Structures are given as structure tokens and as C-alpha cells.
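Single-structure report; data block below.
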Amino acid sequence: MAQEKTRYTDSELQEFRELILDKLKEANEDLKLLKGTLSLSDDHGTDDTGRTFNMMEDGSETLSREEVAQLAARQEKFIQSLQSALLRIENKTYGICRETGKLIPKERLRLVPHATLSIEAKNSQK
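Heads up: the sequence shown is residues 0 to 125, going by numbering that gives the first Met the number 0.
Next comes the structure, spelled out in C-alpha cells:
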């Protein structure tokens, strides 16, 4: 009987590291755009628009800014999760389900590289 694999090999971990670094770069760029939107640095030149137009936009703008702030917060959490995944790669514990202790399938990790739970463990939480 073949022994069940308890961790991913160094070359497999390197593959995941590259995937995570790509996602991290993309996520940081997205966060930068969101923060730029919040700080109004990309105002698109509407400063000289008439006051009547601006008053109508105030309520909509507030709602939009709140949504952007929520997106930025979610993006920051995603970035932290990716950074934690990189730490698990360094510790060689990446891809091990924190509930079952079994390896999370590669297919799942390719789709959700920051996953810490297998599908079974995730479903049992519901």
C-alpha cells in the first residue's frame, strides 16, 4: 500500500509560490487603484462642474465611496491571506488542511491559493 503524501515537494511549493506572487502583485495593483479612488487623486477633472450637478452627485458619491472602501478592505484581507500562504510555503506547511491535516488538492489551491481548508472541511463548517 502506497503511503499517503503528507506535504508538497519543494518544486511543487515553488510552483505555488510563483502563482501566489503573481496574484499578490495583481492584488496590490488593484488595492492601489482602489485607494486612489478613495483619495480622489483620480478625480477625472470634475472640479469645475457646476454646483447643481455636484449636489446631485453627493449622495451617490458617498454610497460609491463606501462601496470602494469595503472593496479596499476586502482586498487588504486578501493580500494578508496571500502573504500568510507565502509564510506557510516557507514553513513547508502550505497546502495542508488545518482541520483534517490532509493535503488540499492542487486543483483547489490553484483556484484559491490562500486556502487553508480542504473542500470536505469547508463543507463540514456549514
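Glycine included, every Cβ here is placed at the ideal spot set by N, Cα and C. Since this is a predicted model, take the numbers as computed values, not measurements.
Classification of residue i by the beta-carbon crowding that lies within 10 angstroms, buried from 16 upward
i, result
"TYR7", "buried"
"THR99", "exposed"
"SER130", "What the structure shows of the chain is the stretch from 0 to 125, and residue 130 is not part of that stretch, so it cannot be assessed."
"SER115", "What sits at residue 115 in the sequence shown is Thr, not Ser. Buried: at least 16 other Cβ atoms inside 10 Å."
"LEU102", "buried"
"GLY35", "exposed"
Helix, strand or coil at residue i [DSSP, three-state]
i, result
"ILE88", "helix"
"LEU18", "helix"
"GLN124", "coil"
"THR36", "helix"
"LYS24", "helix"
"LEU110", "helix"
"LYS4", "coil"
"LEU81", "helix"
"LEU116", "coil"
Identified DSSP bridge partners for residue i
i, result
"LEU102", "ILE95"
Supposed close pair residue i, residue j - CB separation, criterion 8 Å
i, j, result
"LEU37", "ARG64", "6 Å"
"LYS91", "LEU12", "7 Å"
"LEU23", "ALA71", "Rounded, the Cβ-Cβ distance is 16 Å, inconsistent with contact."
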